[in-house]
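**Q**
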Amino acid sequence: MQTIGVLGAGAWGTALAATATKAGRDVRVWALEAEVAEALSAGKGNPVFLPDIELPKMQASSDMSILADCEAILSVVPAQHARACFNQLNQYLTPGVPVLLCSKGIEKNTLSLMTDVVHETMPKATPAVLSGPSFAADVARGLPTAVTLACADEKLGQTLMKAIGRSAFRPYWSNDLIGAEIGGAVKNVLAIACGIVEGLELGKSAHAALISRGFAEMTRLAVAMGAQQQTLAGLCGLGDLVLTCSSPQSRNMSFGMALGQGRSAQDILAERNSVTEGVATAPALTELAAREGVAMPICQAVHEILAGQKNVDEAMTALLNRPFKHEGF
1 MQTIGVLGAG
11 AWGTALAATA
21 TKAGRDVRVW
31 ALEAEVAEAL
41 SAGKGNPVFL
51 PDIELPKMQA
61 SSDMSILADC
71 EAILSVVPAQ
81 HARACFNQLN
91 QYLTPGVPVL
101 LCSKGIEKNT
111 LSLMTDVVHE
121 TMPKATPAVL
131 SGPSFAADVA
141 RGLPTAVTLA
151 CADEKLGQTL
161 MKAIGRSAFR
171 PYWSNDLIGA
181 EIGGAVKNVL
191 AIACGIVEGL
201 ELGKSAHAAL
211 ISRGFAEMTR
221 LAVAMGAQQQ
231 TLAGLCGLGD
241 LVLTCSSPQS
251 RNMSFGMALG
261 QGRSAQDILA
271 ERNSVTEGVA
281 TAPALTELAA
291 REGVAMPICQ
301 AVHEILAGQK
311 NVDEAMTALL
321 NRPFKHEGF
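What follows is the structure in structure tokens.
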């Protein structure tokens, strides 16, 4: 695969486009913002989403037809905007083209995973998932990163890995799309919870406990939906969870930290030009867990805080006063 299209030029989309360019691919980028497309095409980087990071010059446009006839598409638009973008993209796809889903979330109105949205909007496409512990700025700078690349066909997976992989960007193949998707979506909500713990200054012991019990919640839901348990112990589950829950460089964790310090969700979001996926995922995740009969008390607490049903102190008190139980998934 030589011609790679990138749908979305936020920080993560731009970082992946830069990686594929450095791997020798012919990269075409669709950017919602015309000024971003112009800057990328002029070799001036991405001043909106990745300021002060040197990037290779790449072909970019705010006209989606730039992605016509690409041999693979990396979709990096926010989960809640994916359906509208996919409906528009569908007209430019060749039959069988792989669409590598690089954004993480659950559609609020339908509780659909992004692979489901692909099947419904782009029946000609072959879905795949890219997920794992990867900050956009690290990848854009060429720092070592490893991720999961999940698709049903191993031969296609190998082809995609060779197309976008480099020595410092290492994809590992998996056939478990559901596990990769659930891991990526749930970790964003758990990162908000970890941020709240940090904002409240509850200590590293509480932080570690939350990551561990959050991992149990993530695994329970994934297995209930048909994923392989070992997938969640890999890069797209535990690996991504540890990274996102351990650094304020994570938009979700920094959002939670501000909540824990007493700020309102509305004020925090108003200051941001990038999407904090966990905010939109929390209500969908809570509803999905209820549908599947899976207990996810930490994620439920995050949803209750964001919905204004409980304040931070009330939600924390409720979690700490849950009955003692057997440890396990």
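For the sequence shown, UniProt numbering gives the first residue as 1, with consecutive numbering after it. Note that the Cβ used here is the ideal one computed from N, Cα and C, for glycine as well. Predicted model, so just to flag it, every value in this text is computed and none were measured.
1. Kindly indicate which three-state DSSP category S274 falls into: helix, strand or coil?
2. DSSP three-state call for F169: helix, strand or coil?
3. Just confirm the distance between the C-beta atoms of P171 and D240, as a whole number of angstroms; I'd bet it's less than 8 Å.
4. With a CB to CB cut of under 7 Å and the five nearest residues on each side skipped, what residues in its chain are close to S65?
5. Determine whether the beta carbon atoms of L74 and L16 lie at a separation below 8 Å.
6. Ignore the nearest five residues each way along the sequence and tell me which others in V223's own chain have a CB closer than 7 Å to its CB.
7. So, at 7 Å on beta carbons, what are the nonlocal neighbours of residue 341 in its own chain, with the 5 sequence-adjacent residues on each side left out?
8. Whole alpha helix (DSSP H) runs in the region 73-124 with 4 or more residues, listed along the chain?
9. From the DSSP secondary-structure annotation, give me the bridge partner or partners of L130.
10. DSSP puts A60 in a beta bridge; with which residues?
11. On a Cα-Cα basis, can you pick out the residue from Q300, L235 and N273 that is closest to G214?
12. What's the call for G278, buried or exposed, on a 16-neighbour Cβ count within 10 Å?
13. Would you mind sorting A274 into buried or exposed? The rule is 16 or more other CB atoms within 10 Å of its CB.
14. Work out the CA separation of T21 and A289 for me, nearest whole Å.
15. Any idea if S212 is buried or exposed, counting beta-carbon neighbours within 10 angstroms, 16 or more meaning buried?
16. Just verifying my parser: in three-state terms, what is the DSSP assignment at I4?
17. On the premise that L50 lies in contact with A136, defined as a C-beta separation below 8 Å, what is that separation, rounded to the nearest angstrom?
18. Using only alpha-carbon positions, find the residue among R28, T19 and W12 that is nearest to V6.
19. Given that a residue counts as buried once 16 or more other Cβ atoms are within 10 Å of its Cβ, and exposed if not, what is T231?
20. For S46, does the three-state DSSP call read helix, strand or coil?
21. May I have the straight-line CA-CA distance separating L89 from L190, to the nearest angstrom?
22. By the DSSP assignment, the alpha helix (DSSP H) with R213 in it spans what residues?
23. Taking only the alpha-carbon atoms, compute the straight-line gap between F324 and P297 and give it to the nearest angstrom.
24. Leaving aside the five residues before and after T159 along the sequence, list all residues of the same chain whose C-beta is less than 8 Å from its C-beta, in chain order.
25. For the candidate residues A150, N188, D313 and G308, whose alpha-carbon lies nearest to that of P78?
**A** On the basis of the coordinates in this document:
1. coil
2. strand
3. At roughly 14 Å, the Cβ-Cβ gap does not stay under 8 Å, so P171 and D240 are not in contact.
4. Y92
5. yes
6. Q229
7. Residue 341 falls outside the range modelled here, since the chain spans only 1 to 329, and no answer is possible.
8. 82-89 and 114-121
9. L149
10. V29
11. Q300
12. buried
13. The sequence given here places Ser at residue 274; Ala does not occur at that position. It is exposed - the Cβ of S274 has fewer than 16 other Cβ atoms within 10 Å.
14. 39 Å
15. exposed
16. strand
17. 7 Å
18. R28
19. buried
20. The sequence given here places Asn at residue 46; Ser does not occur at that position. N46: strand per DSSP, three-state reduction.
21. 32 Å
22. K204 to A224
23. 13 Å
24. M1
25. N188
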